[in-house]
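What follows is one structure encoded as structure tokens, with my remarks underneath.
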Amino acid sequence: MISVADLVKDPIIPGNYYAADAYVQGDFETGLIENRKGARLIALPDILLQAIYAGLDQEVGQASGVVLFNCGRWWGKNFYRRFVEEVSEYYRRPLAEMEMVEFLQCLKECWKTHGWGTIDLDVSFYQQGFLVVKTWDSPFAAAAPKNTGQPQCAAEAGILESFFSQLTGRDLHCVQTACETLGAANNLFVLGLRERVEPAKAWLQEGQDHDTIMERLCRAQAA
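Here you go:
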């Protein structure tokens, strides 16, 4: 409950830092886009993302996923640093002191405002040592080749791996287990220690679905 004394002392109540109409600013005449702190933003058209996928496939073939994953990890490292700096400064307390619901809301709004679709966390497997991340309407999936038989959001997986590794202070690994390019309703990513999630890659090659993979991962931990 907000007291009158708090309102008098600090009349500005922080709202949604990542509200699109406040966060994204720019000069349409010059084509300059910035965030509310003045940092430059880049708009990537769909055709450019499609060209990146096609160009990598032509140049490096099957290794394109590795290239995109490593690009995502570098991207995620800088994304985490900027996210922590902006959120901590705006809400006037370190990220570690925020409630889980506050952190998750900030991440959801940040993800959406940057044009990456919708994100949510599933902590149902926390006790087994896993975190599941769900995304919808991903621009990475929209631009990627369809019906390849394997998940195609390698860049997104790299971003998530780097982001949550820094957030938790543990060296986590990320494996995508469902993808919109394969007709799934959303994209699913499993995060955990490398030795725990690595078997999921082989099960994906066998054609196992997300639920089966999670069941087998949890069973392996119980054993």
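Residue -1 is where the sequence shown starts when you use the numbering used here, and the numbers rise one by one after that.
Don't be surprised by glycine CBs; every beta carbon is placed ideally from N, CA and C.
- Straight through space, the alpha carbons of residue 125 and residue 17 are spaced by roughly 34 Å.
- Between residue 63 and residue 152 the beta-carbon gap is near 4 Å, inside 8 Å, which marks them as a contact.
- Note that the region 77 to 93 does not touch the region 169 to 187; fewer than 3 beta-carbon pairs, one per stretch, sit closer than 8 Å.
- Distance check between residue 198 and each of 184, 181, 217 and 183 places 217 closest, using alpha-carbon atoms only.
- Under DSSP, residue 205 takes part in no beta bridge, so it has no partner.
- Taking C-beta atoms under 8 Å as the contact rule, residue 190 and residue 127 qualify, at a distance of about 5 Å.
- The C-beta distance from residue 155 to residue 70 rounds to 6 Å, short enough to fall under 8 Å.
- Residue environment for residue 60: exposed (fewer than 16 other C-beta atoms within 10 angstroms of its C-beta).
- In this structure residue 121 is not in contact with residue 188, their Cβ atoms being roughly 12 Å apart against a cut-off of 8 Å.
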